[in-house]
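A short write-up of the structure that comes next.
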Amino acid sequence: LLLFWALAFAAENLTLVSWRSPLWWWALEDTNQKVQFGFWLLRYICTFMLFILGMKAPGLPHRPYMLLVNEEERDVENTQPLLPDSSRTSSTWKDFKRKLRLLVPYMWPKGNHRLQGLVLFCMTLMGLERAINVFVPVWYKNIVNQLTEGAPWHTLAWTVCIYVGLKFLQGGGAGSTGFVSNLRTFLWVWVQQFTNRQVQVQLFAHLHGLSLRWHLGRRTGEVLRSVDRGTSSINSLLSYIIFSIIPTIADIVIGIVYFTSVFSAWFGLIIFVCMSLYLTLTIFITEWRTKYRRDMNTRDNEAKSRAVDSLLNFETVKYYNAESYEVNRFNDAIIKYQVSEWKVSASLGLLNQTQNLVIGLGLLAGSLLCAYFVTENKLQVGDFVLFGTYIIQLYTPLNWFGTYYRMIQNSFVDMENMFELFHEEQEVKDVVNASDLRLEAGRIEFENVHFSYMDGKEILQDVSFSVMPGQTLALVGPSGSGKSTVIRLLFRFYDVRGGCIRIDGQDISQVKQVSLRAHIGVVPQDTVLFNDTIANNIRYGRILASDEEVQEAARAADIHDRILSFPDGYNTQVGERGLKLSGGEKQRVAIARTILKGPRIILLDEATSALDTETERNIQASLAKVCAHRTTIVVAHRLSTVVGADQILVLKDGRIAERGRHEELLQKGGVYAGMWLQQQAGDE
1 LLLFWALAFA
11 AENLTLVSWR
21 SPLWWWALED
31 TNQKVQFGFW
41 LLRYICTFML
51 FILGMKAPGL
61 PHRPYMLLVN
71 EEERDVENTQ
81 PLLPDSSRTS
91 STWKDFKRKL
101 RLLVPYMWPK
111 GNHRLQGLVL
121 FCMTLMGLER
131 AINVFVPVWY
141 KNIVNQLTEG
151 APWHTLAWTV
161 CIYVGLKFLQ
171 GGGAGSTGFV
181 SNLRTFLWVW
191 VQQFTNRQVQ
201 VQLFAHLHGL
211 SLRWHLGRRT
221 GEVLRSVDRG
231 TSSINSLLSY
241 IIFSIIPTIA
251 DIVIGIVYFT
261 SVFSAWFGLI
271 IFVCMSLYLT
281 LTIFITEWRT
291 KYRRDMNTRD
301 NEAKSRAVDS
311 LLNFETVKYY
321 NAESYEVNRF
331 NDAIIKYQVS
341 EWKVSASLGL
351 LNQTQNLVIG
361 LGLLAGSLLC
371 AYFVTENKLQ
381 VGDFVLFGTY
391 IIQLYTPLNW
401 FGTYYRMIQN
411 SFVDMENMFE
421 LFHEEQEVKD
431 VVNASDLRLE
441 AGRIEFENVH
451 FSYMDGKEIL
461 QDVSFSVMPG
471 QTLALVGPSG
481 SGKSTVIRLL
491 FRFYDVRGGC
501 IRIDGQDISQ
511 VKQVSLRAHI
521 GVVPQDTVLF
531 NDTIANNIRY
541 GRILASDEEV
551 QEAARAADIH
561 DRILSFPDGY
571 NTQVGERGLK
581 LSGGEKQRVA
591 IARTILKGPR
601 IILLDEATSA
611 LDTETERNIQ
621 ASLAKVCAHR
631 TTIVVAHRLS
641 TVVGADQILV
651 LKDGRIAERG
661 RHEELLQKGG
671 VYAGMWLQQQ
681 AGDE
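Take 1 as the starting number for the sequence shown in UniProt numbering and just add one per residue.
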């Protein structure tokens with residue numbers, strides 16, 4: 001259906017050049033010719049509308065008709081997919097109203113009257129640019145007419161000055177921007193910066209409000225890439241739609257209306273037909289050549305991947321004297337890439353030549369018509385110059401129309417992916433009118449707690465225990481028994497599925513998360529430090545702490561002297577994730593951070609399991625001082641670290657299998673005793 005109406009539309013366009021009389025549609029001399037032309041014009045419009053409807057035919061594959069004009073430097077086919085396939089292959093204009101509603105709040109900065117005034121002023125400047133684009137060729141026409149008519153010098157000089165002034169406002173040459181455009185771009189930067197800041201801050205705060213489950217299931221790099229691309233896409237969409245697509249369409253409409261009203265309806269028809277042919281041919285040729293672009297990207301990736309893989313395995317290549325083999329493989333990959341690159345260049349050349357042909361034919365038809373009217377004294381020589389100047393001026397932005405269209409399509413995808421993050425629901429929320437936690441003694445109670453993750457398997461089943469203020473509770477058991485889950489539930493990374501958790505008689509699901517976590521300090525197994533100084537990493541426990549308080553916390557964690565031995569002392573950079581420090585040093589920094597926070601409840605999640613025996617013994621001594629007189633829950637893998645606990649719970653398959661002190665559990669000869677004997681035998 002689409003192919004049929006495309007051919008029909010092309011055939012109608014061919015009738016513009018009649019083999020019977022090239023002038024019949026320039027001068028309709030009798031009623032019969034006028035009637036014939038009227039019927040043809042009606043048929044032409046109907047054919048064009050059916051062609052457009054054919055593009056929406058239900059039998060067509062749902063592939064976007066993408067305009068790729070002069071986009072050699074934009075690798076859009078090889079970008080990382082940010083949405084499911086259905087989203088990436090849908091049309092740019094599908095659900096356009098919904099997409100536009102997402103974009104509108106950023107077109108009009110709510111609550112900021114200064115920026116709203118800037119937006120209005122930029123829109124005014126854009127309208128002024130459209131008017132200038134009409135006046136520049138008009139005043140150029142006036143110069144030509146005055147030169148041919150022998151106008152007085154002062155009149156000619158005044159006309160030239162006006163023309164140059166308009167040209168200064170418009171832009172001096174091809175691709176250059178004038179004063180009005182530069183001023184608009186400069187002022188719009190403030191709106192872009194406001195948009196960037198608002199989106200990134202709002203999304204950053206939203207991501208911090210999502211649950212641990214969501215963060216564990218996502219790749220941080222993918223999330224950050226989505227945020228970065230999404231933020232850039234909003235600015236790109238605003239710029240492309242408001243300052244590129246709309247002005248280009250406006251220039252086309254203004255051109256059709258101007259030449260129809262001032263010259264003749266035939267000039268407006270020529271412009272309309274040329275624009276339709278230009279866009280139609282660009283769509284189809286681009287759709288055809290997209291496969292070559294994708295193949296070139298694939299070959300390029302293969303060549304680069306082969307080079308990287310070979311260099312990373314440098315030693316292996318040397319071991320087997322495979323240098324020649326690797327060079328030949330890389331050469332073959334480069335040859336395949338260059339073959340694909342040639343196809344892309346050739347197809348782009350075909351596209352550009354087709355566009356040039358349409359532009360040339362349109363310019364030829366209009367110029368011949370204009371020249372004919374000049375010879376008939378219906379137009380002046382300046383009108384001939386006006387038409388040629390305006391058409392070239394009109395085709396310059398149109399040449400980039402396809403590139404903007406494709407960029408808009410990709411920006412819509414990136415923007416939608418970012419807004420998908422905004423739509424993620426917060427799993428753990430404060431209840432309405434939640435109160436602050438009133439911590440008095442630090443008594444912890446788990447009452448018939450049940451918990452399961454999304455897959456439905458219960459991690460904790462009917463878990464109940466109490467920790468009295470100042471006591472230490474140890475959680476032991478095989479991997480996967482739910483020990484760390486208890487810590488996460490108490491810190492309220494998750495909400496329980498059944499039962500209740502209380503602190504000093506208050507249900508933690510009914511208090512504000514901020515107040516709950518302010519009273520709990522955590523020393524995890526794998527301490528991750530920020531890429532900052534040691535002092536700032538310790539100060540993270542209490543942001544407003546003074547340098548003296550930071551150093552006092554370091555002394556309590558037995559790391560003060562070690563820090564002073566570094567060349568930069570407390571200003572030593574720890575590196576990304578704290579990799580410049582040893583495992584024991586990182587744990588002591590984490591302990592110092594917890595001491596500085598000063599919580600009444602401390603959670604130790606296998607805080608020493610990744611350390612060697614000697615370092616573990618030293619860290620345990622520091623932890624003992626920190627946990628004194630504080631309610632403490634310890635998750636332990638090595639049972640020797642919890643022999644002094646006031647109470648030990650043995651978890652197995654999500655249930656409490658045994659409970660008691662170290663000596664009591666050994667006498668029972670159960671699960672704990674078996675684990676103890678196994679670890680003792682391993683140490684020997």
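Beta carbons are placed, not taken as given, at the ideal position from N, Cα and C, and that holds for glycine.
Query                                                                                                                                                                 : Result
In or out: residue 530 buried (at least 16 other Cβ within 10 Å) or exposed?                                                                                          : exposed
Using a Cβ-Cβ cut-off of 7 Å (strictly less than) and excluding sequence neighbours within five positions of residue 307, which residues of its own chain qualify?    : 330
Cα separation between residue 302 and residue 309?                                                                                                                    : 10 Å
Within this structure, are the beta carbons of residue 624 and residue 595 separated by less than 8 Å?                                                                : no
Here's a check: name, in chain order, each residue in its chain whose Cβ is nearer than 7 Å to the Cβ of residue 673, leaving out the five neighbours to either side. : 665 and 666
For residue 649, which option in 507, 446 and 586 has the closest C-alpha, if you only look at C-alpha atoms?                                                         : 446
According to DSSP, what are the bridge partners of residue 506?                                                                                                       : 503
Where does residue 376 fall in DSSP's three states?                                                                                                                   : coil
In the structure shown, what three-state DSSP assignment does residue 528 receive?                                                                                    : coil
Do you know how far the Cα of residue 114 is from the Cα of residue 210?                                                                                              : 34 Å
Looking only at its chain, what residues have a beta carbon closer than 6 Å to the beta carbon of residue 78, apart from the 5 residues adjacent to it on each side?  : In this prediction, residue 78 has a pLDDT of 38, which is less than 50 and means its spatial position is unreliable; what the coordinates show is noted afterwards. Only 297 meet the Cβ criterion.
Tell me the residue span of the alpha helix (DSSP H) that contains residue 561.                                                                                       : 560-564
Mind checking residue 129: buried by the 16 CB within 10 Å criterion, or exposed?                                                                                     : buried
Counting only runs of 4+ residues fully inside the segment 166-208, write out the alpha helix (DSSP H) ranges in chain order.                                         : none
Does the Cβ-Cβ distance between residue 516 and residue 437 come in under 8 Å?                                                                                        : yes
Can you give me the C-alpha to C-alpha distance between residue 65 and residue 289, rounded to a whole angstrom?                                                      : Only weak support exists for where residue 65 lies, its pLDDT of 35 falling under 50; the coordinates are left without a value.
Pull the bridge partners of residue 444 from the DSSP assignment, please.                                                                                             : 467 and 503
If we call anything under 8 Å between Cβ atoms a contact, is residue 508 one with residue 492?                                                                        : yes
Along the beta strand (DSSP E) that carries residue 426, what are the first and last residues, could you check?                                                       : Where residue 426 is concerned, there is no enclosing beta strand (DSSP E), given that its DSSP letter is neither H nor E.
Would you mind stating whether residue 450 and residue 486 have Cβ atoms separated by less than 8 Å?                                                                  : no
Between which two residues does the beta strand (DSSP E) carrying residue 658 extend?                                                                                 : 655-660
Taking DSSP as the reference, what is the three-state secondary structure of residue 498?                                                                             : strand
With a cut-off of 8 Å, do at least 3 Cβ pairs link the segment 311-325 to the segment 340-356?                                                                        : no
Quick check: what's the CA-CA separation for residue 70 versus residue 399?                                                                                           : Residue confidence for residue 70 is low, a pLDDT of 37 falling below 50, so the modelled location carries little weight; the figure read from the coordinates is stated next. If you take the alpha carbons of residue 70 and residue 399, they lie about 8 Å apart.
Ignoring anything shorter than 4 residues or poking outside the segment 303-346, list the alpha helix (DSSP H) runs there in chain order.                             : 314-319
Exposed or buried, what is residue 636 when buried is set at 16 or more other beta-carbons lying within 10 Å of its beta-carbon?                                      : buried
For the beta strand (DSSP E) containing residue 472, list its first residue and its last residue.                                                                     : 472-476
Between 189, 478, 196 and 600, which lies nearest to residue 418 when the distance is taken from Cα to Cα?                                                            : 196
Count Cβ pairs between the segment 371-386 and the segment 138-153 that sit closer than 8 Å; are there 3 or more?                                                     : yes
Starting from residue 605, trace the beta strand (DSSP E) both ways and give me its first and last residue.                                                           : 601-605
How long is the line joining the alpha carbons of residue 233 and residue 414, rounded to whole angstroms?                                                            : 6 Å
So what's residue 546 in DSSP terms, helix, strand or just coil?                                                                                                      : coil
Beta-carbon separation of residue 626 and residue 602 under 8 Å?                                                                                                      : yes
Check the C-beta distance from residue 675 over to residue 639 and give it rounded, since I have them as a contact under 8 Å.                                         : 6 Å
If we count the other Cβ atoms within 10 Å of its Cβ and call it buried at 16 or more, is residue 229 buried or exposed?                                              : buried
Is the beta carbon of residue 340 sitting closer than 8 Å to the one on residue 292?                                                                                  : yes
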